[in-house]
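Some notes on the structure that comes next.
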Amino acid sequence: MYCEKSFTLSKELKNQHYLEKHKIYNYNAKLVKEILQEMHQLFSDNQKDVNISQTSQDVSVFSAVSLRHSALDHNRRTLIIYVLERLKRIKHVRWKYGSLLPSKYKSILTEKELKFHKDYNLALSECMESFGSGGIDLNQDMQAPSSLFVEVVCLKNYGTFQSSFGEVNLTENSKVNANIHLSDIRLSNTS
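The opening position of the sequence shown corresponds to residue 1 in the UniProt record's numbering, with each subsequent residue numbered one higher.
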């Protein structure tokens, strides 16, 4: 039956998703190879039938070609989803553990997946270094703040501070209860 192997691969991926959403499992090379072999067979059968139909006017061949083409499409989509899901999990590992890939993943990933991790890591590093003079570390502050506004304790006399919500007077040892946006504080630290 067509697409049986791709259905098995889809089921495996779905079960892995429910077991642990971001865990990377062993690459199922055997099943992927079997799906690719089925796709090659479907394609060659379609080519034969199309060549035959060009010489004869047999209309019954077109339904078989259409069915095999749909099976080819289904197998292709399944393989793309499988690969993209694995790449998504590799990206998650990069954000969770940082630039160094834990050894437990090195044996699970294929050579091309290891290269993807390396290239993704390099692209991310270049992106972080391109911001400002010292770059920006996107691994910091991975959790969103509970509030965008903070209460400020002023350690030295600053004077009048212009926030995005108006002027705030910052005097030494004073506690400012006015809502000051986090971005205002970060901007004033850089200047």
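No residue lacks a Cβ here, since even glycine has one placed at the ideal position from N, Cα and C. Predicted model only: the values in this text are computed from it and were never measured.
Its chain contains Y120 as the residues whose beta carbon lies nearer than 7 Å to that of K91, once the 5 sequence neighbours on both sides are disregarded; these appear in chain order. In the structure shown, L170 falls within a strand segment according to DSSP collapsed to helix, strand and coil.
Excluding its 5 nearest sequence neighbours in each direction, E85 has C-beta neighbours in its own chain below 7 Å: L13, listed in chain order. A contact is defined here as three or more CB-CB pairs under 8 Å, and the region 123–142 fails this definition with respect to the region 41–51. The beta-carbon separation of N75 and S6, rounded to 5 Å, stays under the 8 Å limit for a contact.
The alpha-carbon of V152 is positioned some 12 Å away from that of F161. Under DSSP, G159 takes part in a beta bridge, and its partners are L170. The three-state reading of DSSP puts K48 in helix, counting H, G and I together. With a cutoff of 8 Å on beta-carbon distance, H117 and L124 are scored as not near each other.
Measuring C-alpha to C-alpha distances from Q143 to each of K96, S56, K104, K175 identifies K96 as the nearest. One thing to note: L42 has its Cβ no nearer than 8 Å to the Cβ of L79.
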